[in-house]
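The block underneath contains the structure these notes are about, expressed in structure tokens.
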Amino acid sequence: MKIRFEKREKLHPVWKLLNPVICIVLALLACSFLVIAIGKDPVAAYGKLFSGGFGSAKKLSESILQAIPLMFCALGVSISFKMSINNIGAEGQYVMGAMAATGVALFCPWIPHALVIPAMIIAGFAAGALWAMLAVIPKAFWNVNETIITLMFNYVALLFVDFLLFGAWRDTSLNLNYSPAYPEYAMLPKVFGTRINSAIYIAIIAAVCIYLFFDKTTRGYQIRVIGSSVRAASYAGMNIRTNILIVMLFSGGLAGLAGVAQASGAVGRLQQNFANGTGYTAIIVAYLSKFNPFTVLIVSILFSGLSYGSVATQLVGVPDQVGVVIQGAILIFVLGGEIFSRNRLIITRREKETALAKKGATK
Amino acid sequence: MKVTKKLIGLLLVLALALSALTGCAQTSAPVAADTSSDSAASDTAAAEPTEAAEAAEATEAAGIPLSEIKVGVVLNTMKEDGGWSQSHNASFLAAKEQLGLTDDQMIIIDNVPDTGNDCANTIEMLIGEGCNMIFGTSSGLTDAIHAEAKLHPDVYFHQFEGVPADNCASYSVRDWETMFLLGYAGAKLSNGDKLGFMAAQPQASVVRAVNAYALGAKYANPNATVQVVWANSWYDPAKEKEGATSMLASGINVLGYHGSTTAVAEACTDAGAFMSGFHIDMHDYAPTAVYSSHMWNWTPLYVEFINRAVAGTWTGEMLYMGIDSGCAQLAPWNTDIVSADLIAELNGVQAKLESGEIQVFGGPLSDNTGKEVLAAGAEFTNDQLIGMMFLVDNVIGQLPS
């Protein structure tokens, strides 16, 4: 027996839409065995999972608030992936952005209060961008694998922030490895009468800009070409090196903004283990959204809603680890479903095979 | 080049738009803040007269009827972590049992990260489920608890070792009373004047335990000193074993302990030395070494808070409970190590602690650099206790600067 994939020529648009829905349902069905195995009702658990994240305007607003840093990281990651640059350093760029914003908020008293937030945004963007560009200089000049370096830069960034929080920046009035709290004027205002902060606007504007950049500018076109074939691009005379640096400037900068948004929008200080894995979740979100900036915004909210909802599953006695399993299952099923929708699975039986082989032999 | 210029132009427009956005929105923020603080203020204003009425005669109207109490709990690690969160989880369940609350009246959410937005998020969910009493059991949750307390003035908040506010109480256990007894027993079991102490992070809660152990040892033997070694981690078995082994090799035969691993128990068993346990009864880790353990029991505190809410006497204050209420507990003395005479003696000391005759941190106290930290007859404030960062004069060792 032989199994192989054959690429489908055309994909019906209805099927394109239906595919992720079917995959999510299949993922939930698969996980329901796990829920049953721990002696709980899967219907009740899934009810809580979804109503916990999206069940009311209030819960939806909490999910959106939780999604904001994820949006920035995923937008940043998706533009580098578009050029086939594997920036998995969003986690580090995120904390570097948060660190720079904290530096401005706490240790630059000479900045007029009204300008503190714009200065934090610029500093956060710059710190994330710088951290990302540093990591790809070896790639740009000597073609060193960027995946490993961006990953390693995460640990350096996290430990550097730890170094500050255990020492110079530590709030000595607390018994925790936290920076002092931000002054009121360094906090982003809340919007819509919810706990959502105004960084949501920046995320939406950024998504629009990314869309326009890739669809309407020559540079955006170049980056897409480089993403599909570096050789073709360099034959066409495109400067790969400059494009790598430009892409990482924005990729890292956006991840840096995630740090600003979370620190000045939600938490109000810098903490140890601040990013909590958001930079890695962003990679998943970027892949699920096929690097489309608007899809990134929606998938971020879906993902945050699921993780918020998995806290709610505890209300019916299902541990939140199950929620994490469900998230993972959805990812595997949706990405796996991609393969089946793009390709046709062809299984040839042994007899047929031998028949075919015989046919070939007689020819 | 043209594209780059266009891009820069676009960026500038974006930056301008951003500053405009934040500028406009900022004006609305203080208004919102004002209203919330106003309502908090009016809430306390309303609470005070009812409190006075309650003092005169217990009225039902002042509090929340027991059947309408709904408790929401946020634990920062897993329920079954073998230490901190497990003790809180068990205490909440015991309190529920004691007060006869139904299953619907208590929601415990575990594994909520200290950092980021998750705690505030979870509290919003608990309040959405109808909880009117919220408990945060880790000091890392303080920020979120305080921010949420401001947003929800009608809900009673409780924070482990936090800063009390109008609708936010704070609580802790006087674990130094049990540590004092363990230190006393340690000095009696020791071959010489010098004892050891293997400690986790050099943070205030641990520093207090080390000091209390040393003061207990000094109460038993005025010449007793305590050598402290820090693991600089909440969980590092290798470092703890190394520290314990080196102290035991120097001739010390009794160790105090503040940590969550089995490493020190193994080291003491190997060396034939004695130790005190922490968090849980560590007897099973090392039956020939552990002479007793400090154990947490938060039930009396939780029952008290809920009772106060029902009676209408709830206030946002710092509440400590100790050995007298059973919050700080000792595991049974190991009779293979501790003689009957010594147990009788220890019971006498315990009675003095319970009656208040012995104040563990009573003045005069001086630190191990010779500086006086508490004058004779003076007492520490809650803030000083929560933030204790000095070692008493018979401790040999240092704190990180």
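The listed protein sequences correspond, in order, to chains A and B.
Take 13 as the starting number for the first sequence in my numbering and just add one per residue.
Take 4 as the starting number for the second sequence in my numbering and just add one per residue.
Backbone N, C-alpha and C fix where the C-beta goes; we use that ideal spot for every residue, glycine too.
What you are looking at is a predicted structure, and each value in this text was computed from that prediction instead of being measured.
Residues of the region 83-115 of chain B with a C-beta atom less than 9 Å from some C-beta of chain A are I110, I111, I112, D113, N114 and V115, listed in chain order.
Proximity to B/Q401 across B/A234, B/A97, B/D196 and B/D84 peaks at B/A234, based on C-alpha coordinates. One alpha carbon belongs to B/S296, the other to B/S279, and they sit about 5 Å apart. Not one beta carbon of chain A lies nearer than 8 Å to the beta carbon of B/G365. In the DSSP secondary-structure assignment, B/S175 is bridged to B/Y323. Around the beta carbon of B/G254, a 10 Å sphere encloses fewer than 16 other beta carbons of the protein chains shown; the residue is thus reported as exposed. Between the region 118-136 of chain A and the region 315-326 of chain A, the count of Cβ pairs shorter than 8 Å is below three; the stretches do not touch. Beta-bridge annotation (DSSP): B/K197 is paired with B/T228. The beta carbon of A/I238 lies closer than 8 Å to those of M95, S96, A245, M250, I252 and N255 in the same chain, with the five residues before and after it left out.
For a cut-off of 8 Å, the C-beta gap from B/N371 to B/Q332 is around 29 Å, too long to register as a contact.
Ranked by how close their Cα comes to the Cα of A/L87, the residues A/K302, A/F66, A/D183 and A/L257 have A/K302 in first place.
Residue pairing for B/D370: DSSP places it in a beta bridge opposite B/V395. Close CB contacts of B/D117 within its chain, under the 8 Å cut and outside five residues either way in sequence, are with N79, S141, G143 and L144 (chain order).
Residues of the region 286-301 of chain A with a C-beta atom less than 9 Å from some C-beta of chain B are F286, A287, N288 and T290, listed in chain order.
For B/G246, same chain residues with a beta-carbon under 7 Å away, outside a window of 5 residues either side, are M201, V232 and A234 in chain order.
Taking 8 Å as the cut-off between beta carbons, the residues of the region 60-71 of chain A near chain B are G64, S68, K70 and K71, in sequence order. CA-CA distance, B/G262 to B/W237, rounds to 7 Å. Cβ neighbours of A/A79 within its own chain (closer than 6 Å, five residues either side excluded): S312, I313 and S316. Only P331, D332 and Q333 from the region 330-357 of chain A bring a Cβ to less than 9 Å from some Cβ of chain B.
Interface annotation, B/M321: not in contact with chain A, CB-CB separation never under 8 Å. In this model, B/I399 and B/T228 are separated by some 7 Å (Cα to Cα). At least one beta carbon of chain B lies nearer than 8 Å to the beta carbon of A/Y320.
Non-local beta-carbon contacts of B/D327 in its own chain, meaning distances under 6 Å to residues more than five positions away in sequence, involve E357 in chain order.
Scanning chain B for C-beta atoms nearer than 8 Å to the C-beta of A/A324 yields M128, reported in chain order.
The Cβ atoms of B/L322 and B/Y174 sit closer than 8 Å to each other.
Closest option to B/V213, judged by alpha-carbon separation, among B/L184, B/P240 and B/S193: B/L184.
Counting along the chain, the unbroken alpha helix (DSSP H) around A/W143 starts and ends at H125 to W154. A Cβ-Cβ contact shorter than 8 Å links A/E103 with A/Y292. DSSP places A/I76 in the helix class (H, G or I) of the three-state scheme. The straight-line gap separating the alpha-carbon atoms of A/S63 and A/W27 is approximately 27 Å. When Cβ pairs closer than 8 Å are counted between the two stretches, the region 285-296 of chain B is seen to touch the region 262-277 of chain B, the count reaching three or more. Under the DSSP assignment, B/M278 falls in the beta strand (DSSP E) whose first and last residues are F277 to G280. Rounded to whole angstroms, the gap between the alpha carbons of B/N385 and B/E307 is 19 Å. A contact between stretches requires three or more CB pairs, one per stretch, nearer than 8 Å, and the region 109-121 of chain A fails this requirement with the region 331-346 of chain A. The straight-line gap separating the alpha-carbon atoms of A/F204 and B/P367 is approximately 56 Å. Separation of B/G329 and B/Q387 (C-alpha to C-alpha, rounded to the nearest whole angstrom) is 23 Å.
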